[in-house]
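If you read the sequence shown in my numbering, its first letter stands for residue 794, the second for the next number, and so on.
Read the structure below first, then the notes.
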Amino acid sequence: MTMKILFYDAKSYDTEFFQAALPEFPGLEIEYLKSDLEPRTAALADGFDAVCAFVSSDVGRQTLEILHRKGIGLVLLRCAGYNNVDLEAAQEYNICVMRVPGYSPEAVAEHAIALALACNRRLYKAYNKVRENDFSLSGLMGFNLHGKTAGIIGTGRIGAAMCRICRGFGMRILAYDVYPNESLRELAEYVSLDQLLSDSDVISLHCPLTDSTYHLINIDTIRRMKDGVILVNTSRGALVKTDDLIEGIRMHKFAGVGLDVYEEETNNVFEDRSDEILEHSTTARLLSFPNVMITSHQGFFTREALTAIASATLQNALDHAQDKPSPNQVSAV
Ligand code: NAI
């Protein structure tokens, strides 16, 4: 058996980690492509069996229709989230979609706490101040996390890891999830979203982007938060309504906002746009505030996570080729 996989949006680190894992998966062949998957590039999959896509790939109906015409039966997502895939269309075109859930929850949770700490103590500012020989402490005051309350929205794999980290800091943990995680009963107190919003000093988002979580953080939910709260989003950009977030920042609601993901990120993620003039950029508006820190979807970016992503993605391909049922398959229902 040979399965030929066209790997879209390949960066040097993807090639490095996938090539390192490949010898353990005989029968799989990968060709790496710099372009991302979208309707214009889908036809390049002619002659392949599967495509490998990532968080910013456009795996909508049009792309899937073209992939189907080119004989593709498998989309391998090398990420956990699958909000960029039209699952109904995939089902219609008989294309199996597989993802990599939980490849390294700690990678993302550790980045979430890093953002909370960096915002709280204004590390991005402190770093630049000292480089300019400005050793004053103005603008750098934060608050102790110890004894404060962390509000974790979504307590799956990453949210649970975040609960454990926050507990390590000596925080009280409030959690909100539509399906409470039994293993966290000792660690976290499940409360309503309302109570979590009003009682938390640090709020971190770890639920997936779905119709019910779209713009979960909007001006109404922001108004219900404590003044001086720190908001962290390492999950998906559209969980937060950016215009409302900006309004909230202007209302002085937040001590800090740490974003690894944001609504406008698709054209930015993993690209060097430092020489461009970005028009209509709400990202630039967000960055104009002294209490906002943005990173470019790097929560997953650790050696451990990339190793796990590569082997789990290739295992998905193998399971599919051998007709093995897999919990990593995602479907419309
Ligand atoms: P998971 O599936 O283990 O957990 C998600 C949790 O959210 C589940 O417990 C689920 O019940 C809960 N949930 C679903 N709908 C909800 C709602 N309406 N309100 C509250 N909770 C709800 O997923 P995991 O692995 O913890 O990942 C979470 C998210 O993190 C992913 O969906 C993805 O968007 C994001 N992510 C970000 C990365 C990054 O690099 N920044 C990397 C990996 C994942």
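Here a beta-carbon is modelled for each residue, glycine too, at the ideal position from N, C-alpha and C.
Other residues of its chain near Tyr917: CB distance less than 7 Å, five sequence neighbours each side excluded: Only Ala911, Met1086 meet the Cβ criterion.
Close beta carbons around Ala905, own chain, < 6 Å, minus the five adjacent residues each side: Met955, Ser997, Val1025, Thr1027
When Pro1083, Arg978, Leu977, Ile1102 are compared against Ala813, the one with the closest alpha-carbon: Ile1102
N-terminal and C-terminal residue of the alpha helix (DSSP H) that Gly1041 is part of: 1035-1043
Spatial distance of Thr1003 from Ala981 (CA atoms): Spanning the two alpha carbons is a distance of roughly 24 Å.
For Gly895 and Asn974, the rounded distance between their alpha carbons: Computed Cα separation, rounded: 15 Å.
Residues that DSSP places opposite Lys918 in a beta bridge: None, per the DSSP bridge assignment.
Val995 and Ile1023 closer than 9 Å at C-beta: yes
Ala943 Cβ short of 8 Å to the ligand NAI heavy atom set: no
Reference Arg854; option with closest CA among Cys845, Leu837, Asn877, Gly864: Asn877
Beta-carbon proximity of Leu799 to Val844, cut-off 9 Å: yes
Beta-ladder partner(s) of Glu824, from DSSP: Leu799
Validate contact between the segment 933-949 and the segment 1082-1096 using beta carbons, cut 8 Å, 3 pairs: Judged by Cβ distances under 8 Å, the segment 933-949 makes no contact with the segment 1082-1096, as fewer than three pairs qualify.
Proximal residues to Thr808 (C-beta, below 7 Å), its chain only, five neighbours per side dropped: Tyr825
Close-in-space but distant-in-sequence residues of the same chain around Ser1119 (CB under 6 Å, 5 per side omitted): Asp1112
Ser928, buried or exposed, once every other Cβ within 10 Å from all chains shown has been counted against 16: Reading off the sequence, residue 928 comes out as Phe, not Ser. The residue in question, Phe928, is exposed, as its Cβ has fewer than 16 Cβ neighbours within 10 Å.
Limits of the unbroken beta strand (DSSP E) element including Leu867: 867-870
Cα-Cα separation between Ala1114 and Ile1070, rounded to whole angstroms: For Ala1114 and Ile1070, the gap between their C-alpha atoms comes out near 46 Å.
Cys1000: CB within 8 Å of a non-hydrogen atom of the ligand NAI: yes
Identified DSSP bridge partners for Cys889: Leu867
Straight-line gap, Thr1095 to Ser991 (C-alpha atoms, nearest Å): 33 Å
Secondary structure of Phe811, DSSP reduced to three states: helix
Span of the beta strand (DSSP E), counted from its first residue to its last, around Ser1124: Unbroken run through Ser1124: none, as it is neither H nor E.
Separation of Asp987 from Glu1040, as counted between CA atoms: 20 Å
With 16 other Cβ atoms within 10 Å as the buried cut-off, status of Thr795: exposed
Three CB pairs or more closer than 8 Å across the segment 853-867 and the segment 879-890: Touching, yes.
Three-state secondary structure assigned by DSSP to Ala1077: helix
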